[in-house]
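Working notes, structure below.
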Amino acid sequence: MKNKQQDQISWHYPRLKEAEGIMAILDDDLTSRLALFAPRRRGKTVFVTKDVAPLAQKMGYSVLYINFWLKKSDPAYCIAAALIDATEKGHGKGLRQFLPSKTDLSVSLDSLGVRLEKGEHQQAPQVDGTQAIALLDTFLSGNKKTLILFDEAQQLAMSPQFEDVVFGVRTLLDKYSNNVRSIFTGSSRDGLNHLFRQRNAALFNSAQVRDFGTLGSEFCQHMCTVFAQRTGRKLEPEKVIAVFKQNHRSPYLLNEAVQYMVLQGCSDIQAAVDHILKNDGLYSNFESDWRNLLPVDRAVLVNMIQHPDNVLYSEKNYASVAALAGVKSVKRSDLSNAMTRLRNKGYLYKSGHGAWNFEDEHFKDWIVEANRLAPLHPPCS
40 MKNKQQDQIS WHYPRLKEAE GIMAILDDDL TSRLALFAPR RRGKTVFVTK
90 DVAPLAQKMG YSVLYINFWL KKSDPAYCIA AALIDATEKG HGKGLRQFLP
140 SKTDLSVSLD SLGVRLEKGE HQQAPQVDGT QAIALLDTFL SGNKKTLILF
190 DEAQQLAMSP QFEDVVFGVR TLLDKYSNNV RSIFTGSSRD GLNHLFRQRN
240 AALFNSAQVR DFGTLGSEFC QHMCTVFAQR TGRKLEPEKV IAVFKQNHRS
290 PYLLNEAVQY MVLQGCSDIQ AAVDHILKND GLYSNFESDW RNLLPVDRAV
340 LVNMIQHPDN VLYSEKNYAS VAALAGVKSV KRSDLSNAMT RLRNKGYLYK
390 SGHGAWNFED EHFKDWIVEA NRLAPLHPPC S
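Offset between the sequence shown (1-based) and the working numbering: plus 39.
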């Protein structure tokens, strides 16, 4: 039987100081919008939903969470779904209590035929961009302070078809600038740069873009404590920290690995992380992505890893890519087109001065492993 102390320790590692710092900036009118960048699986969503959102609510803000990966091809759907979620009766003390005008928004939803059925089978909100912005306008029209969390915001830069929605969002943020604060999170540096730093973009220069800080040894110690409390066994913090750093300081991976060890009754942190990488769908997604790439695109990625000092548009680099792709020659246009495809698909970003980098370091790790055929550590037994 668990004691009270055990019940008090959560799997979630709170980042209250960071949340307080962000809300202080927004609440003190130093800026009304922030954009946080970090690669995938670095804890951005957990941070804004479990640390920032509750703090903002305590400060009197209504909080609206919009996830643009809910339906990547339809940002209007994502906005409407978020608003419907905010009006659901089952939310209890959640977002529903902060609606500026429940009746008006409900009428707007009903007039558009937008609703979600309870249960597993939900009716998707069929709205276009104009309707979604109108619903958001209704939500924001009250006098209460509102914090909007735009998660995976880089998705808004993925297609010219999304521009009307983005311009609509910008218009509303300007219209309600006295009462509305917003945080954009993104896992694509290139996508966020496109949103906020290109002069022709709807959100140009509208938010401060910041790197989301990485976690350190304190997080690792927290996970060791949680593991010890739930199992009665101890992990070596030094090993946990080393594995954490080796895997690009991903709190998601470490959290999943520790939960796996608790359930399986094992204590090998490296083996547990390798098991998660291999079996949680991450590596299988990489395999599928890899198969769908053109040979020259695969060659470009391998070449970047093997010859990082090569000048991109040079005869030496053309020859290297051609050899890896198994073709006689590669021209400048071939390489340029490959880089554009890889950038548009979110595999690469341009960091400036002609330098290209991987958006996802885990994908880079997988390419190294797959091409060397290096075996994974055996899973826990």
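Just so you know, even glycine gets a beta-carbon here, dropped at the ideal spot from N, CA and C.
Point to revise | 7 Å Cβ shell around V350 - same chain, five flanking residues per side excluded | key: For the purposes of this step, residue 350 is identified with residue 311 of the sequence shown, where counting begins at 1. The answer, listed in chain order, is N356.
Exercise for review: Tell me whether T379 sits in a helix, a strand or coil according to DSSP, three-state version.
Suggested key: Along the sequence shown, read from residue 1 onward, the residue named residue 379 stands at position 340. If DSSP states are grouped into helix, strand and coil, T379 belongs with the helices.
**Study point:** G225 - partner residues in DSSP beta bridges
**Key:** Here residue 225 is taken as the residue at index 186 of the sequence shown, counted from 1. Bridge partners of G225: F76.
**Study point:** Beta bridge counterpart(s) of F251 as assigned by DSSP
**Key:** Indexing the sequence shown from 1 puts residue 251 at position 212. Note: F251 sits in no beta bridge, so no partner.
Review point. Would E354 be called buried (16 or more neighbouring beta carbons within 10 Å of its own) or exposed?
Key: The residue labelled residue 354 in the question sits at position 315 within the sequence shown. In summary, E354 is exposed, with fewer than 16 beta-carbon neighbours lying within 10 Å of its beta-carbon over all protein chains present.
Exercise for review: Grab the span of the beta strand (DSSP E) containing S289 for me, first residue to last.
Suggested key: As a working note, residue 289 is residue 250 in the sequence shown. No beta strand (DSSP E) holds S289; DSSP gives it neither H nor E.
Practice item. Would you grab the beta carbon distance between A74 and L231 for me? Rounded to a whole angstrom, and I think it's under 8 Å. Key: Numbered from 1 along the sequence shown, position 35 holds the residue referred to as residue 74. Numbered from 1 along the sequence shown, position 192 holds the residue referred to as residue 231. That pair is a contact at about 6 Å.
Review point. Just curious, the beta strand (DSSP E) that A3 is in, first and last residue?
Key: Shown here, the chain extends from 40 to 420; a query on residue 3 therefore has no answer.
**Study point:** Assigned secondary structure, L332 (DSSP; H/G/I helix, E/B strand, else coil)
**Key:** To locate residue 332, count along the sequence shown from 1; it is residue 293. DSSP places L332 in coil when its eight states are reduced to three.
Point to revise | Close Cβ partners of G99 (< 8 Å) along its chain, the five nearest in sequence each way excluded | key: For this step, residue 99 is matched to residue 60 along the sequence shown. Counting only residues of its own chain and dropping the five nearest sequence neighbours on each side, G99 has a CB closer than 8 Å to the CB of K183, K184.
Check your understanding: So, using beta-carbon positions, are F189 and F107 closer together than 9 Å?
Key -> Looking up residue 189 in the sequence shown gives position 150. Looking up residue 107 in the sequence shown gives position 68. At a Cβ-Cβ threshold of 9 Å, F189 and F107 count as neighbours.
Point to revise | Given V407 as reference, the closest of R382, Y291, Y322, K384 once Cα atoms are compared | key: Counted from its first residue, the sequence shown places residue 407 at position 368. Nearest C-alpha to V407: Y322.
**Study point:** Segment contact, 8 Å Cβ cut-off, at least three pairs: the region 189-203 with the region 226-240
**Key:** Yes, the region 189-203 is in contact with the region 226-240.
Review point. In whole angstroms, what is the alpha-carbon distance linking K141 and T177?
Key: For the purposes of this step, residue 141 is identified with residue 102 of the sequence shown, where counting begins at 1. For the purposes of this step, residue 177 is identified with residue 138 of the sequence shown, where counting begins at 1. Since pLDDT at K141 reaches only 44, below the 50 mark, its modelled position is unreliable, and no value is offered.
Review point. Which term fits G60, buried or exposed, when burial requires 16 or more other beta carbons within 10 angstroms of its beta carbon?
Key: Position 21 of the sequence shown, counted from the start, is the residue given in the question as residue 60. Exposed: under 16 other Cβ atoms inside 10 Å.
Check your understanding: If K284 and I308 are in contact, beta carbons under 8 Å, what's the gap, nearest whole angstrom?
Key -> In the sequence shown, the residue the question calls residue 284 occupies position 245. In the sequence shown, the residue the question calls residue 308 occupies position 269. About 12 Å separates the two Cβ atoms, so there is no contact after all.
Practice item. Examine the Cβ distances between the region 280-300 and the region 253-264 and report whether three or more of them are shorter than 8 Å. Key: A contact exists between the region 280-300 and the region 253-264.
Check your understanding: Span of the beta strand (DSSP E) holding D213?
Key -> Working through the sequence shown from its first residue, we reach residue 213 at position 174. D213 -> not in any beta strand (DSSP E); alpha helix (DSSP H) instead, spanning 202-214.
Practice item. Compare the beta carbon distance of V102 and I172 with 9 Å and say whether it is the shorter of the two. Key: By one-based count along the sequence shown, residue 102 stands at place 63. By one-based count along the sequence shown, residue 172 stands at place 133. For V102 and I172, no; Cβs fall outside 9 Å.
Practice item. Mind checking who R220 pairs with in its DSSP beta bridge? Key: As a working mapping, residue 220 is identified with position 181 in the sequence shown. R220 is bridged to L186.
Check your understanding: In its own chain, which residues sit with a C-beta less than 6 Å from the C-beta of H287, not counting the 5 before and 5 after it?
Key -> Along the sequence shown, read from residue 1 onward, the residue named residue 287 stands at position 248. Closer than 6 Å at Cβ, skipping near neighbours: E400.
Check your understanding: Can you give the beta carbon distance from L381 to D336, rounded, assuming they're within the 8 Å contact cut?
Key -> The residue you call residue 381 lines up with position 342 of the sequence shown. The residue you call residue 336 lines up with position 297 of the sequence shown. Confirmed, about 6 Å.
Review point. So what does S101 bridge to, in DSSP terms?
Key: As a first step, residue 101 is located in the sequence shown; it is residue number 62 there, counting from the start. Answer by DSSP bridge pairing, in chain order: T185.
Exercise for review: Output yes or no for whether 9 Å exceeds the beta carbon distance between K83 and T210.
Suggested key: Position 44 of the sequence shown, counted from the start, is the residue given in the question as residue 83. Position 171 of the sequence shown, counted from the start, is the residue given in the question as residue 210. Taking 9 Å as the cut-off, the beta carbon of K83 is found no closer than this to the beta carbon of T210.
Check your understanding: Exposed or buried, S221, counting other C-beta atoms within 10 Å across all chains shown (16 or more means buried)?
Key -> By 1-based counting over the sequence shown, the position of residue 221 is 182. With 16 or more other Cβ atoms within 10 Å, it is buried.
Check your understanding: DSSP beta-bridge partners for Y388?
Key -> Indexing the sequence shown from 1 puts residue 388 at position 349. Residue pairing by DSSP places Y388 opposite N396 in a beta bridge.
Practice item. Quick one: give me the first and last residue of the alpha helix (DSSP H) that L195 is part of. Key: The count along the sequence shown starts at 1 and reaches residue 195 at position 156. Segment: none, L195 is in no alpha helix (DSSP H) and carries neither H nor E.
Review point. Between V219 and G181, what straight-line distance do the alpha-carbon atoms span, to the nearest angstrom?
Key: Looking up residue 219 in the sequence shown gives position 180. Looking up residue 181 in the sequence shown gives position 142. Take the alpha-carbon of V219 and the one of G181: they are about 10 Å apart.
Practice item. Could you spell out the range, first to last residue, of the alpha helix (DSSP H) harbouring V87? Key: To locate residue 87, count along the sequence shown from 1; it is residue 48. Looking at the DSSP string, V87 is not in any alpha helix (DSSP H), and its letter there is neither H nor E.
Review point. I344 to F402, Cα distance in whole Å?
Key: Residue mapping note: residue 344 aligns to position 305 of the sequence shown, counting from 1. Residue mapping note: residue 402 aligns to position 363 of the sequence shown, counting from 1. Each residue's Cα considered, the two are about 11 Å apart.
Check your understanding: Opposite N356 in the DSSP bridges: which residues?
Key -> Residue numbering aside, residue 356 sits at position 317 when the sequence shown is read from its first letter. Answer by DSSP bridge pairing: none, since N356 is not bridged.
Review point. Does the distance from the CB of L441 to the CB of N396 come in under 9 Å?
Key: Residue 441 lies beyond the range of the chain shown here (40 to 420); nothing can be said about it.
Review point. Out of curiosity, what's the CA-to-CA distance linking V208 and R54?
Key: For the purposes of this step, residue 208 is taken as residue 169 along the sequence shown, with counting starting at 1. For the purposes of this step, residue 54 is taken as residue 15 along the sequence shown, with counting starting at 1. Taking the straight line from one Cα to the other gives about 28 Å.
Review point. Going along the chain, which residues of its own chain have a beta-carbon closer than 8 Å to the beta-carbon of R249, five neighbours each way excluded?
Key: As a position in the sequence shown, residue 249 is number 210, starting the count at 1. Closer than 8 Å at Cβ, skipping near neighbours: L73, A74, L75, F76.
Exercise for review: May I ask which residues mark the beginning and end of the alpha helix (DSSP H) holding T270?
Suggested key: Position 231 of the sequence shown, counted from the first residue, corresponds to residue 270. Segment 256-270, the alpha helix (DSSP H) holding T270.
Review point. In whole angstroms, what is the alpha-carbon distance linking A310 and R81?
Key: Translated into positions along the sequence shown, residue 310 becomes position 271. Translated into positions along the sequence shown, residue 81 becomes position 42. Cα to Cα, A310 sits roughly 20 Å from R81.
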